[in-house]
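**Q** Numbering (my numbering), first residue to last: 107 to 261.
Here a beta-carbon is modelled for each residue, glycine too, at the ideal position from N, C-alpha and C.
Here the structure is a predicted model, which is why all the values come from computation and not from measurement.
What follows is the structure in structure tokens.
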């Protein structure tokens, strides 16, 4: 009887350990720096507005400003990616920029929008320390876009 109790106790301990590991992994998968929001307006190539009126500035990239070459293409590419869609917003280190905009990496339908704009050649990778979580990846995409002559890097 004690032997059966020991087997049951060992199985119970194993089950508790498995559940604990699953809960820990679930905690790692749930991203506390990630929120979901509805895009209400695409301001330009690297800024959007979301429900509630907050403006979101994309981290790690810079697109041409109004009046500059490729402004319209960057704005249009951003519109095609996120306009009126639900997006996921990932925070890095800083909360806001000097203009009061929230600083975020933006994802839509599994696409990393900041990276997609760089890949298309409508944004350059631009480092804004301390927010550099994805900077080396964005810089790699810029090198590739330049090499392939995409967007504003066209010859």
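(1) State the start and end residues of the unbroken beta strand (DSSP E) segment that holds residue 194.
(2) Just the C-alpha distance for residue 75 and residue 115, rounded to the nearest angstrom, thanks.
(3) CB-CB under 8 Å to residue 167, same chain, minus the five flanking residues each way: which ones, in chain order?
(4) Mapping DSSP to helix, strand and coil, what is residue 136?
(5) Should residue 142 and residue 192 be called a contact, given that it needs their Cβ atoms to be closer than 8 Å?
(6) Near residue 133, what residues of its chain come up, given a Cβ to Cβ distance below 8 Å and the 5 sequence neighbours on each side ignored?
(7) With a Cβ-Cβ cutoff of 8 Å, do residue 188 and residue 149 count as a contact?
(8) Taking the straight line between their C-alpha atoms, what separation do you get for residue 174 and residue 248?
(9) Taking the alpha-carbon of residue 204 as reference, which of 170, 234, 255 has the nearest alpha-carbon?
(10) Using beta-carbon positions only, say whether residue 160 and residue 209 come within less than 8 Å of one another.
(11) Could you give the DSSP three-state label for residue 249: helix, strand or coil?
(12) Compare the C-alpha of residue 217 against each of 236, 186, 139 and name the closest.
(13) In this structure, what does DSSP give as the bridge partners for residue 143?
(14) Determine the burial state of residue 140: buried for a count of at least 16 other Cβ atoms within 10 Å of its Cβ, exposed for fewer.
(15) Would you report the Cα separation of residue 176 and residue 258, rounded to the nearest angstrom?
**A** By the coordinates alone:
(1) 192 to 196
(2) The requested residue 75 does not occur in the structure, where the chain is confined to residues 107 to 261.
(3) 152, 220, 223, 224, 229, 230, 231, 232, 244
(4) Only weak support exists for where residue 136 lies, its pLDDT of 48 falling under 50; the value from the coordinates is given anyway. Note: residue 136 maps to coil in three-state DSSP.
(5) yes
(6) Caution is warranted here: a pLDDT of 49 is assigned to residue 133, below 50, making its placement in the model unreliable, and no coordinate value can be reported.
(7) no
(8) 19 Å
(9) 234
(10) no
(11) helix
(12) 186
(13) 193
(14) exposed
(15) 6 Å
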